[in-house]
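Undergrad: For reference, each letter of the sequence shown is one residue, going 3 to 123 in the working numbering. Where a beta carbon is used, it is the ideal one built from N, C-alpha and C, also for glycine.
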Amino acid sequence: MNQFRGIRGATTSDGNSQSEIEEATSELLQACISKNDVETEDIAAAIFTVSQDITAYNPATVARKRLNWNFVPLLDVYQAPISSDLKYCIRVLLLVNSNKSQEELSKNFQYLKNAKHLREN
């Protein structure tokens with residue numbers, strides 16, 4: 003039986019250009035959906051946070067344009083500024099309908115590039 007679940011992920015962009023943000027976001031989302039066997043129809047919503055130094059492009063726009071998430075509710079917000087936070091950090095919370103347990107999904111959370119140390123599982 004499908005239940006409402008969350009899938010987390012984070013990565014860093016190489017910089018603040020549109021192409022760098024597109025590349026980092028695409029890689030992150032592809033990893034999240036492929037490692038967790040998620041189809042677009044399974045996604046109820048996606049919430050993105052970005053560090054304060056990302057201003058050139060929105061991750062939600064990448065999801066809509068590159069992954070064709072045209073009917074998925076998407077939201078971009080800034081992370082609370084923390085002095086020790088990662089530069090050019092993009093985080094995502096995918097809210098999905100899944101028959102997997104939350105514990106099973108948590109084993110496949112995706113933390114890439116400089117964001118690997120944010121979650122040690």
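Between which two residues does the alpha helix (DSSP H) holding LYS68 run?
TA: The question names Lys, but residue 68 is Arg in the sequence shown. Segment 61 to 68, the alpha helix (DSSP H) holding ARG68.
Undergrad: Helix, strand or coil: which one does DSSP assign to LYS100?
TA: Note that residue 100 is Ser in the sequence shown here, rather than Lys. In the structure shown, SER100 sits in a strand (DSSP, three-state: E or B).
Undergrad: For ARG121, count the other beta carbons within 10 Å of its own beta carbon; 16 or more makes it buried, fewer makes it exposed. Which is it?
TA: Answer is exposed; the Cβ neighbour count stays below 16.
Undergrad: Can you find the residues in the same chain that come closer than 7 Å, C-beta to C-beta, to GLN112, ignoring five residues on each side of it along the sequence?
TA: Taken in chain order, the residues that qualify are GLY11, LEU30, ALA33, CYS34, LYS37.
Undergrad: State buried or exposed for THR57, treating a residue as buried only when at least 16 other CB atoms are found within 10 Å of its CB.
TA: Per the 10 Å Cβ criterion, exposed.
Undergrad: Give the range of the beta strand (DSSP E) segment to which THR13 is assigned.
TA: Where THR13 is concerned, the enclosing beta strand (DSSP E) stretches over 5 to 14.
Undergrad: So what does DSSP say about LEU120, is it helix, strand or coil?
TA: If DSSP states are grouped into helix, strand and coil, LEU120 belongs with the helices.
Undergrad: Once the 5 residues before and after GLU106 are set aside, which same chain residues still bring their CB inside 7 Å of it?
TA: Once the five neighbours on either side are set aside, GLU106 has no close Cβ partner at all.
Undergrad: Could you check if TYR59 is buried or exposed, using at least 16 other CB atoms within 10 Å of its CB as the buried criterion?
TA: Per the 10 Å Cβ criterion, buried.
Undergrad: May I have the straight-line CA-CA distance separating THR14 from MET3, to the nearest angstrom?
TA: Cα to Cα, the separation comes out at about 35 Å.
Undergrad: Which residues does DSSP list as the beta-bridge partners of VAL52?
TA: VAL52 pairs with TYR80, ILE92.
Undergrad: Take VAL40 and list the residues in its own chain whose beta-carbon comes closer than 6 Å to its own, dropping the five residues that flank it on each side.
TA: The residues are VAL98.
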